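Visitor: Numbering-wise, the UniProt record's numbering puts 59 at position 59 of the sequence shown, and it's gapless, one number per residue. Can you read through this structure? Questions will come right after.
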Amino acid sequence: QGSRLGHDTIVDGMLKDGLWDVYNDFGMGVCAEMCADQHSISREEQDSYAIRSFERGTSAQDTRLFAWEIVPVELPGGRGKPSSTVDKDDGLKTFDAAKLRKLRPSFKKNGGTVTAGNASLI
1 QGSRLGHDTI VDGMLKDGLW DVYNDFGMGV CAEMCADQHS ISREEQDSYA
51 IRSFERGTSA QDTRLFAWEI VPVELPGGRG KPSSTVDKDD GLKTFDAAKL
101 RKLRPSFKKN GGTVTAGNAS LI
């Protein structure tokens, strides 16, 4: 129905329901930083793990290891453009290990270790 006259609030459902610790009132990225600190997991270890994960994901996608689990989704083109089909993880095609290692921390400015490259894709 949309909003009526007057003030309204839009809540990001993904953040509210999945990426926010409601008990401690901070985001999952902050939780990741705390876990890395508590368990002495270095930035280098996180980056190496992320790189291995991307390499394994790319290999699995290239060999169609999990093809039986994929349900293709057709996206309408709109405004005279043809439709397209999504049938693989598009996050894997943008992976660059050299760029991953250069990313700045996302959640803790001084001494942070969690970046957009070594955290889970959204």
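By construction, the Cβ of each residue, glycine as well, lies at the ideal position given by its N, Cα and C atoms. Values in this document were obtained by computation on a predicted structure and should not be read as measured data.
Could you please give me the residues that DSSP links to T85 through a beta bridge?
Guide: E74
Visitor: Count the other CB atoms, across all protein chains shown, that sit within 10 Å of the CB of T50; report buried if there are 16 or more and exposed otherwise.
Guide: Residue 50 is actually Ala in this sequence, not Thr. It counts as buried.
Visitor: Excluding sequence positions up to five away, which residues of its chain have a Cβ less than 8 Å from the Cβ of K99?
Guide: G117
Visitor: Please work out which residues of its chain come closer than 7 Å, Cβ to Cβ, to V30, disregarding the five sequence neighbours upstream and downstream, and give them in chain order.
Guide: F107
Visitor: Looking at T85: is its Cβ nearer than 8 Å to the Cβ of E69?
Guide: no
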